[in-house]
Structures are given as C-alpha cells and as structure tokens.
Amino acid sequence: MAKLPNCAYAPPAYDGPSKGEVIKLRSEFLTPALVTFYRDPIMLVDGHMQYLFDETGKRYLDGLAGIVSVSAGHCHPRIMQAVNMQNSRLQHTTTIYLHPNIAKFAEKLASTLPEGLDCVYFTNSGSEANDLAILMARAYTKNYDVIALRNGYHGGSQGAMGLTAHSSWKYAVPHGFGVHHSVVPDRYRGYFGYDDPECGAKYALDVKDLIERGSSGAIAAFIAEPIQGVGGVIEMPPNYLQHAYKYVRDAGGICISDEVQTGFGRTGEHFWGFENNNVVPDMVVMAKGIGNGCPLAAVVTTKEIAQSMTEAIHFNTFGGNPVSCAQGLATLEVILEDDLQGNAKRLGEQLFAGFADLQNKYACIGDVRGKGLMGGLELVEDEDKTPATQLTADIFETCKDLGLLIGKGGYYGNVLRIKPPMCLTKEDIVFMLEVLDEAFAKETA
Ligand SMILES: Cc1ncc(COP(=O)(O)O)c(C=O)c1O
Numbered sequence: 130m131a132k133l134p135n136c137a138y139a140p141p142a143y144d145g146p147s148k149g150e151v152i153k154l155r156s157e158f159l160t161p162a163l164v165t166f167y168r169d170p171i172m173l174v175d176g177h178m179q180y181l182f183d184e185t186g187k188r189y190l191d192g193l194a195g196i197v198s199v200s201a202g203h204c205h206p207r208i209m210q211a212v213n214m215q216n217s218r219l220q221h222t223t224t225i226y227l228h229p230n231i232a233k234f235a236e237k238l239a240s241t242l243p244e245g246l247d248c249v250y251f252t253n254s255g256s257e258a259n260d261l262a263i264l265m266a267r268a269y270t271k272n273y274d275v276i277a278l279r280n281g282y283h284g285g286s287q288g289a290m291g292l293t294a295h296s297s298w299k300y301a302v303p304h305g306f307g308v309h310h311s312v313v314p315d316r317y318r319g320y321f322g323y324d325d326p327e328c329g330a331k332y333a334l335d336v337k338d339l340i341e342r343g344s345s346g347a348i349a350a351f352i353a354e355p356i357q358g359v360g361g362v363i364e365m366p367p368n369y370l371q372h373a374y375k376y377v378r379d380a381g382g383i384c385i386s387d388e389v390q391t392g393f394g395r396t397g398e399h400f401w402g403f404e405n406n407n408v409v410p411d412m413v414v415m416a417k418g419i420g421n422g423c424p425l426a427a428v429v430t431t432k433e434i435a436q437s438m439t440e441a442i443h444f445n446t447f448g449g450n451p452v453s454c455a456q457g458l459a460t461l462e463v464i465l466e467d468d469l470q471g472n473a474k475r476l477g478e479q480l481f482a483g484f485a486d487l488q489n490k491y492a493c494i495g496d497v498r499g500k501g502l503m504g505g506l507e508l509v510e511d512e513d514k515t516p517a518t519q520l521t522a523d524i525f526e527t528c529k530d531l532g533l534l535i536g537k538g539g540y541y542g543n544v545l546r547i548k549p550p551m552c553l554t555k556e557d558i559v560f561m562l563e564v565l566d567e568a569f570a571k572e573t574a
C-alpha cells in the first residue's frame, strides 16, 4: 500500500462535535442544495501545507486544494502571519477610506501581467468578478452580445450562470441574456481531433459564425478559460484563442480570460494560462488561488476599459478588504519567492510522465489532459468513448480510502481532476501516482 511521505506537523486533538452530529446539524439547518463528496463524507478540521487532517487525525494528501484555491498550501505560516497581523489591527473599512494593503496588492498583481493590464477591481468571488467583467465590457464597448464556450464554468450567480454552459449547473430561470455559446474545442470528443494541426483555427470558425449569424454582429465580449476546469480539464487547442480573439476584436468586442483555475503559476510553463496560448486578453478574471483560501477575486483590465465604469457608481462592500488583501499579497509573495510556478512545472512533468505510464497500463484512461499541476484523466468504457462514470466514482472513492483527495468533473463526471497546492514535493507525486495505480488496479480487476 502506498505510504504518505513524512510530515513533521501533528494537529492538535479535535474536541468539537462528532462527524455524526455535524451531518445531523447540516441536514437540519443547511440547504439541501449543498453536496458533499464521498459516500461516507469526510470531515476535515486541520490543514498544513499540502496535507489535510480529519477529526480522528487521519492525514490526506490534498490533490484538489479546496477546488484549486489553496495555491500555496494550507495555513502557510508566512501567509498566516500576515493575515493574523492584519486581523489584529483592522479588519474592515471599505474602499471609501484609504488603506495601504489594497494599493500595494494591486501594484504587485499588475506586475505579473503584460503591460497595460494594470487596473484592478477586487471582488469576493469568481462569480462576482465574472459579472463585473461582463458589465464592464458592455459599458466600454456599448455592445450587448457576449460569447462564451459550451462546457465552460464561470460561476453560479445569475450573470455567471448565464456564461456557464453545463446543464448540471444551470437552473430553469431567466439568465444569460445576450450570451451565446460557441462550440467547445474539445479535441478528444469534438469534430476535430489531436491529429488535426489546424483544429484550433477550425474550431474558432464557430465563433465567427456565431458573431455573424447568432448575434447582432457587434460583440461586447468573448470569455473563455484557457483550460476548462470544471468542464473536465479541456485545453484550448493551439491557435484557437488567437483566431477567436481576432474575430471578436474585429466585431468590436473585448477578450476576457477566466484565469480562476489556471492563474498564479498553476500551469507551470507560464504564470497565466493565456500565456500558453500566445494571446493577450483585454481583461483577466482571477479568484480561488489568488487568496490561498480566502474570499478574494479580481478583474484586471486596462485603464481605458476600466474608465467606462465611472459613468455610475459601482460599489462592493468587502472587495479589497484589508485582511483579504493582506492574504492575497502574502500569497502572491510566497508564490513568487518560493517559485511555486517552477515547482508546478517540474512536478507537473513528473506527474504527467506518471499519467502516461498509467494510460499505457489501463485501457480505461481514454485521454490525459492539462499542464503543470492541473491534470485530468478522462475514463471511458470502450473504444466508442462511452463515459466510465461509475468507474470514475469508484476510483475517486478508493483514492480517498488510500489517503489521497482528488476531484472529479466533466459533463459526464468521468474525468479525475488533480490540482494540488503548488507547494507539494516529488515524494507527494510518487505517492499520488502509487495511489492512483492501486485504485485503478482494484477497480478495474
Ligand atoms: C473558471 C471558473 N470561473 C469562475 C468560477 C466561480 O468562482 P466562485 O465559485 O468563486 O464564484 C469558478 C469556480 O469554480 C471557476 O472554476
């Protein structure tokens, strides 16, 4: 059985309500819309860097990072020190008063982006940031139509739900006015495959067609994730975004990169996901990994585009809060100073080499996708690519039993998603691959 690498940290004994009591309280007082992972849900009460602990002290390797949010590690000491210090001095004022944290953090964030992308608006969640991005795009261009991609996930607010294109995340309520969804450039399941070097340009033709025949012809914005996360780690093919951006800009629109999952070095090769595609967006949406676990998100754009928001007053009570900004700034400093992007690159190579070995060994691994520490394994039953949804769920459970927490996604729920905190080590990757091997062996036997 795979053995977790050693960890010097030992959590304090847990003395809170039992798991059974918490389940009871949740079912009595919390919305039934909340879902939990695992047939027997786990309760996590402590975290240290890449590890999580349940109430019994059992340790897990966190292969999902609180859904790609804990970029630098749970309770990272340097980040905690900055947050605790800020908490003890001043928690909240709003942006109507000056505070250094929001200004210092905005400056640092802008330094990671191409020149011109230097005007920051902080919010509390990715959904809010996407709502704001679309509002700003419409205010700036004075156009209304927006293009998003099928199979994309951009959040659960009514505006962001309109951008999202997965029936599992959409309610039958009016949403997404003016939003059109272009075909997802999925080389595994789509019309054009990995064997077609022109597939990026071919898929982008659907964006052109949508502009010409599915919209007013004048576009406010195009929004896409460089690698669709919730949708099952679908990478945009080479040249796809370059062509799509051109069609959109020719129609008067601006291009938005939703970097909520791909940002902050996770893809290894580059700090931002769009950089892997040789494009420069007009607006970047970030959340999750920006705050290492706190409610923090941002839209970064040019000063000219941001100016359009001054026509009315837009206010966000907690956006840019001193504590969130202390956490965001410390997280960014840790990511840069500890070269977590380099770690994502090096360990990503090790991880994907291991994935290739697993794919050679297990025929059910139909496709391996992703970059750096954003990996996806799509599981199928046969050569017709019938989604192996049940097998995926079984492997996901077994990994948990063996001490590894990972994610699951894709429209059919047949993609294993691996997105750990970027502070993990090569020993952790060895453990992760051994656990996956054991779980595949058990569940495919
Ligand atoms: C790519 C992407 N955009 C936006 C969001 C929405 O972020 P939030 O849940 O913080 O509203 C998510 C959440 O999973 C996401 O993955």
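Residue numbering for the sequence shown follows the numbering used here, beginning at 130 and increasing consecutively. Each residue gets a CB set at the ideal place from its N, CA and C atoms; glycine is no exception. Just so we're clear, the structure is a prediction, and the values are computed from it rather than from any experiment.
Looking at A162 and ligand 1, is the gap between the Cβ and the nearest heavy atom below 7 Å? no
heavy atom of ligand 1 below 7 Å from Q287 C-beta: no
Quick check on H310: does DSSP put it in helix, strand or coil? Reduced to three states, the DSSP call for H310 is strand.
Taking Cβ to Cβ, would you say A333 is nearer than 8 Å to D274? no
I believe V413 touches L242 by the beta-carbon criterion, under 8 Å. Please report the beta-carbon distance rounded to the nearest angstrom. 6 Å
For M214, which of helix, strand or coil comes out of DSSP? Three-state result, M214: helix.
Using C-beta distances below 7 Å, list every residue in its chain close to Y541, excluding the 5 sequence neighbours before and after it, in chain order. P516 and T518
Which residues does DSSP pair with G536 in a beta bridge? R546
To the nearest whole angstrom, what separates the beta carbons of V336 and A373, a pair I think is in contact under 8 Å? Contact holds; Cβ gap of about 5 Å.
Go ahead and label A294 buried or exposed: buried means 16 or more other beta carbons lie within 10 angstroms of its beta carbon, across all protein chains shown. buried
Give the straight-line distance between the Cα atoms of A352 and Y282, rounded to the nearest whole angstrom. Residue 352 is actually Ile in this sequence, not Ala. The alpha-carbon atoms of I352 and Y282 are separated by roughly 11 Å.
Classify P550: buried if its beta carbon has 16 or more other beta carbons within 10 angstroms, exposed otherwise. buried
Within its chain, find whatever has a CB closer than 6 Å to the CB of L534; leave out the 5 residues flanking it on each side and keep chain order. Y189, D191, G192 and L193
Residue(s) in a DSSP beta bridge with F525: Paired residues: none, contrary to the question.
In chain order, what residues of the same chain lie with their CB nearer than 6 Å to the CB of A137, ignoring the 5 residues before and after it? none
Does ligand 1 have even one heavy atom less than 7 Å from the beta-carbon of D511? For ligand 1, not one heavy atom lies less than 7 Å from the Cβ of D511.
Can we count H283 as close to ligand 1, meaning its CB is less than 7 Å from some heavy atom? yes
Exposure label - I104; buried when at least 16 CB within 10 Å: Nothing can be reported for residue 104, as the shown portion of the chain is limited to 130 through 574.
Considering Cα atoms alone, identify which of I464, G381, A416 and A330 is closest to T391. A416
If we call anything under 8 Å between Cβ atoms a contact, is S344 one with H309? Yes, the Cβ-Cβ distance between S344 and H309 is below 8 Å.
Need the endpoints of the beta strand (DSSP E) that F400 sits in, please. Segment: none, F400 is in no beta strand (DSSP E) and carries neither H nor E.
Using the Cβ count rule (16 or more neighbours within 10 Å means buried), how would you classify T446? exposed
Any contact of the region 393 to 401 with the region 494 to 507, i.e. 3+ C-beta pairs under 8 Å? yes
Buried or exposed: which applies to Q210, given that a residue is buried once 16 or more other Cβ atoms fall within 10 Å of its Cβ? exposed
What's the call for K474, buried or exposed, on a 16-neighbour Cβ count within 10 Å? buried
Outcome for L159 when other beta-carbon atoms lying within 10 angstroms are tallied against a minimum of 16: exposed
Coarse secondary structure for A574, derived from DSSP in three states: coil
Starting from T348, follow the beta strand (DSSP E) in both directions and report where the run begins and ends. Checking the sequence, you will find Ile at residue 348 rather than Thr. It spans I348 to A353 - the beta strand (DSSP E) in which I348 sits, taken as one unbroken run.
So what does DSSP say about G176, is it helix, strand or coil? strand
CB V212 to CB V452, shorter than 8 Å? yes
Ignore the nearest five residues each way along the sequence and tell me which others in D260's own chain have a CB closer than 7 Å to its CB. S286, G288 and A289
Out of curiosity, what's the CA-to-CA distance linking G176 and A131? 21 Å
Out of V359, G360, V164 and P141, which one is the CA nearest neighbour of W185? First, the residue type needs correcting, since residue 185 is Thr and not Trp in the sequence shown. Out of V359, G360, V164 and P141, the CA that lies nearest to the CA of T185 is found in P141.
One question on the structure: do L425 and C552 come within less than 8 Å of each other, judged by their Cβ atoms? no
According to DSSP, is A426 part of a helix, a strand, or is it coil? In this structure, A426 counts as strand in the three-state DSSP scheme.
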